[in-house]
Structures are given as structure tokens and as C-alpha cells.
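Protein chains in written order, with our numbering: chain A, 56 to 292; chain U, 56 to 292.
Structure first, commentary second.
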DNA sequence: CTCAATTCGTAATGGTAGTTCGAAATCGGA
DNA sequence: TCCGATTTCGAACTACCATTACGAATTGAG
């Protein structure tokens, strides 16, 4: 190793620290998913990481520290995936569809991570300030909440969404519902499948389908009746 | 105590016991909602009930006992409300609407109870056998899961639901999503309102509206755009 | 008022999680 | 090889929770 540069030494220590850190986080993530965040103790995380308790405190001073650290990595992944998907979509409906598809993919391929988010929500929601709490949704559309409104307006304008949707309301409601459904399915896992007789991802994709049907402008099949005289309901409604 | 009539004496004692029991459950329910089930200790429940630890153990031998007891009362309420609502509805769509309305009402009027269910789900889901887990949904439609399928078929037959819904899938997906949305909103509480700028019940009712729009057979208002040229989205999608 | 059944309250026990501290081992650099 | 910096280890300590035992107090019925 070169003499004059002090950085490499520090870097070596830092690299080791980083490895240890990741080792702890991996062990914790696995334990959290196996037994539930609340039931896992620092002692367990410690021994699962192959360390001693006192060493652990050099890295994380509490279970909460670990939880927040895991959250950071999970959210970073999510944000990246979502951003990419939105950018390639054309109509507003396509963008919304892409966002929801991402969530379906994650439910299928990263179910443990979704479960982690579900647990995190349930356990920490009460202590957060609202701002922190909503970082989560912020990661799902990296452009911020206001984007929801413009998305709906855009969709009404480009004809892909129903004209009677509320720009300040609908998209928030949809995202909340989809997140809720996703987290719930991830938490219940394959036991839902046993009882419902349907795999988790089919259930979730059906949820998405129904919601998108509710959002999209009346589709072509409506054309079938479009020259019919106005009905009673239409006149009264 | 008199020989032949044991009941009166026993009843007095039992009445006291019942009062105490409820006192404990009420205190526990409040604490669980304030601090989260996992963070509440038996000691806290005990002192909040105005009892001593040893007395507590005459009633509940563990926190889990308390939790399950609370669950029992919450579910009983829910089942009664739901059953009544379904019975008065006519079309399948009306029945579904009634079920979802009940959930909206509970979110508005019994938010703490919904929060309790959310916590319960998150914390105990992993330990349950599937059968117990799904008792919850069972309470939402007291007729059982198979009823979901017949409900969809009925709706397709009576013309209130889209014909392309899947009797074995759609209703399960919808219920899961609506429960997920409801629990999530209850857990996040008014903090969502602060950030979203929309009250919890408006968000939830919008969720219901979108989902019902996705379920219902193509409606009449579509006629409004019936003479417009097909939009871009309509042509491409 | 008295007896008997029941509950209450204090105090003690055992166990576990969290935390701290100094000594020992390890690593990087000359 | 040696020195200083960094990390790890082992042990002790604190604090709190769950649980139990047992005598005191309360309550119902005659």
C-alpha cells in the first residue's frame, strides 16, 4: 500500500465498517421478516450478525436506528424503479398504470421488502411527523404529491381518464388503496392464497384492473350504446 | 351461602367480575391506541385500570389474552352491522355498495377500532393459522367467502356489474383493497389529512367510488361523450 | 354480627433486554 | 519490527417486565 496517502487506510477501515454494517442490516432484515420487527431484540440481531452486543453499539445504538437504515435502502430502490417507469409512459393513464405495475412487480419479486414496509407503517406510523410518513408516497411518485393532481388533469385532457375525477382527491385515494392492498397481501402472504384459492399477485393485479377500469374514460364498448336515447338515470343524474 | 340457591350470590360476584373485566379492556384499548399494542406492558394496563398486577392475573394471564378479547368485541359489532346492511340491499351492486359503506362509516365513527384491527393484523398476522386470520373477512360478509363469488355472478346476471368480472377473484381483490385502504387511513389518521389536504373519510369514499365505477356495468353517463370523435387513448387502447 | 368466599395489595423472585467500560486483539503505516 | 489507531470482546451493571405467594381487606348471605 502506498505510503504518502492517508486516505487508503481510512478507506480500509471504512470499507470494513461498511461491510459490517451491511452484515448487520442483512441479518436484521431477515429476522424482522421471519419474526416481526417488534419481536426481534437487539440481542438476536447481534448474535445473528456474529457480533457481540457491545460491538453492535458501535454501529447502531438502537433497533430504531436499524429499522430506519433498512427503510432508506428499500425506499431508494423503489424511487429509482418508479421514476424510470413513469418517464417512458405517454398518456396519464399509461403513467398511472406503470406506477401500479411497479407495485405489482415488487409484490411479486420483493415481497419481503413490501412486508417490511407494511410492518414499518404499522409500528412507526404513530410516532412520525406527517412529513416523514409521507416520504413513502413521495418515493412512489418522485415528483411529489402535487403531481397527482396534474396527472389527473392531464388524463382528463388527453381523454384517457374519466372527466368526473377530482384532481385533488382521486389519485391520492387510489394510491392509498393500492398501497394498502399491496401491504396487506404481502403481510398475509401465501396464507391468503390457501384460503382464497388465488395467488397473491393475481389478486393484486385484479385490484389494479378494477381501479383502472374505474379511472379510465368510458371505453370503446360504450360506443355500442352511444347513440341510444338518454335514459331515465341520465336525465335525473 | 344458602344451599339451594347459588345463583344470586354467584351473579353478584360475576357482575363485579364483568365490570372489572370491561374496565381492564377499556383501559387496554385506550392504551393500545395511544402507544401501540407492542409498546404497552401489562404493568401499564394494570395501573391504567386502577388494579394491581396480581389482580390483573385473575382476569387475563397475558397481553395476548386481552388483545383477543378486544378483538372479539370489535368483530361482533362489525358482523352485526354488516349483516343488517346486506339484507336490505337489492341488486348485487347495491349489496357491495352497502358493505363498503359500512366500512366507510366505521372509519368515520369508530376509527380507533379500525386502528386496532390494523395493529392486530400487522402484529399477529404472522402467527395465525390462515383460518383464524380470515375470520376477519368472514365477519365482513357473514355469509362466507363463497358468497363473494355468487355475489359477482348475481351482479352480472342482474346487469348491475360488468360482465367481464371474475367471480372467483374480483370480489376478494376488492375487499382486500378496501380493507387495506381503510386500515391504512385509520392508522395514519389525521396526519394524512394535513398533508393531502383531504379528510380521511373523503379519501376513503373516493376510493370506494372509483372501485364501484370499475365494477359497475357500463353506465349511462358515458352517453355524454357519445358523439365526440374517438380520442387518441381510445384508438390506441 | 359472623362466616365463608372472593378480591386486593405488598413484596419478592426470576428473567431478559439494553447499556457501559476497560482490556485484548487487529489493522495500517513507517 | 514496532507504534498508534481502530475495532472487538467479555463481563458487569441497570432497569424493567412478568409472575407468584401470602396475608389483609372486602363483600355477600344468613
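For glycine and all other residues, C-beta sits at the position ideal for the given N, C-alpha and C.
| query | result |
| --- | --- |
| If you draw a straight line from the C-alpha of residue 261 of chain A to the C-alpha of residue 110 of chain U, how long is it? | 51 Å |
| Taking 6 Å as the limit between beta carbons, can you name the residues of its chain near residue 174 of chain A, skipping five residues before and five after? | 92 |
| Using Cβ-Cβ distances below 9 Å, what residues of the stretch 256 to 267 of chain U are close to chain A? | 257, 258, 259, 260, 261, 262, 263, 264, 265, 266, 267 |
| Leaving aside the five residues before and after residue 204 of chain A along the sequence, list all residues of the same chain whose C-beta is less than 6 Å from its C-beta, in chain order. | 222, 223 |
| Taking Cβ-Cβ distances below 8 Å as the criterion, which residues of the stretch 226 to 240 of chain A are in contact with chain U? | 227, 228, 229, 231, 232, 233, 234, 235, 236, 237, 238, 239, 240 |
| Residue 210 of chain A: buried (16+ other C-beta within 10 angstroms of its C-beta) or exposed? | buried |
| Counting only runs that start and end within the stretch 110 to 160 of chain A, where is the alpha helix (DSSP H) found for 4 or more residues in a row? | 118 to 142 |
| Given this structure, state the Cα-to-Cα distance separating residue 127 of chain U from residue 169 of chain U, to the nearest angstrom. | 13 Å |
| Starting from residue 174 of chain A, find everything on chain U with Cβ-Cβ shorter than 7 Å and list it in chain order. | 177 |
| What residues in the stretch 88 to 101 of chain U bring their beta carbon closer than 8 Å to a beta carbon of chain A? | 90, 91, 93 |
| Hey, residue 195 of chain U and residue 230 of chain U: beta-carbon distance below 9 Å or not? | yes |
| What is the C-beta distance between residue 234 of chain A and residue 159 of chain A, in whole angstroms, given that I count them as a contact (C-beta under 8 Å)? | The pair is not a contact, with the Cβ atoms about 12 Å apart (cut-off 8 Å). |
| Going straight from the alpha carbon of residue 213 of chain U to that of residue 172 of chain U, what length do you get? | 34 Å |
| Please return the same chain residues whose Cβ sits closer than 8 Å to the Cβ of residue 129 of chain A, not counting the five positions on each side in sequence. | 168, 171, 172 |
| Between residue 217 of chain U and residue 153 of chain U, what straight-line distance do the alpha-carbon atoms span, to the nearest angstrom? | 18 Å |
| What are the residues that DSSP puts in a beta bridge with residue 271 of chain U? | U:216 |
| Throw me the rounded Cβ distance for the residue 256 of chain A and residue 137 of chain A pair, which I believe falls under 8 Å. | About 18 Å separates the two Cβ atoms, so there is no contact after all. |
| Any Cβ of chain U within less than 9 Å of the Cβ of residue 224 of chain A? | yes |
| Taking the alpha carbon of residue 69 of chain A as the reference point, which residue from A:90, A:114, A:178 has its own alpha carbon closest? | A:114 |
| If we count the other Cβ atoms within 10 Å of its Cβ and call it buried at 16 or more, is residue 227 of chain U buried or exposed? | buried |
| With DSSP run on the structure shown, which of helix, strand or coil describes residue 104 of chain A? | coil |
| State the start and end residues of the unbroken alpha helix (DSSP H) segment that holds residue 20 of chain U. | For residue 20 of chain U there is no data in the structure shown, the boundaries of chain U being 56 and 292. |
| Closest by CA to residue 122 of chain A, which one among A:156, A:85, A:145? | A:85 |
| Of all Cβ atoms in chain U, is any one closer than 9 Å to the Cβ of residue 198 of chain A? | no |
| When the Cα atoms are used, what is the spatial distance from residue 272 of chain U to residue 147 of chain U? | 11 Å |
| To the nearest angstrom, how far is it from the Cα of residue 63 of chain A to the Cα of residue 249 of chain U? | With a pLDDT of only 49 at residue 63 of chain A, under the threshold of 50, the placement of this residue in the model should not be trusted, and no figure is reported. |
| Contact defined as beta carbons within less than 8 Å: I believe residue 266 of chain A pairs with residue 125 of chain U. What is the distance between those atoms, to the nearest angstrom? | About 32 Å; that fails the 8 Å criterion. |
| In whole angstroms, what is the alpha-carbon distance linking residue 144 of chain A and residue 238 of chain U? | 31 Å |
| Could you tell me which uninterrupted alpha helix (DSSP H) segments, each at least 4 residues in length, are contained entirely in the stretch 226 to 269 of chain U, listed from first to last along the chain? | 245 to 251 |
| Determine, using beta carbons only, whether residue 269 of chain U and residue 269 of chain A come nearer to each other than 9 Å. | yes |
| Are the C-beta of residue 205 of chain U and some C-beta of chain A separated by less than 9 Å? | no |
| When you compare the CB of residue 77 of chain U with every CB in chain A, is at least one pair closer than 9 Å? | no |
| Measure from the alpha carbon of residue 182 of chain A to the alpha carbon of each residue in U:184, U:88, U:183, U:259, then state which is nearest. | U:88 |
| Give the DSSP-derived three-state secondary structure of residue 200 of chain A in the structure shown. | coil |
| What in chain A is Cβ-close to residue 221 of chain U, meaning under 8 Å? | 261 |
| Could you name the residues of chain U that residue 181 of chain A contacts, counting a contact when the two beta carbons are closer than 7 Å? | 91 |
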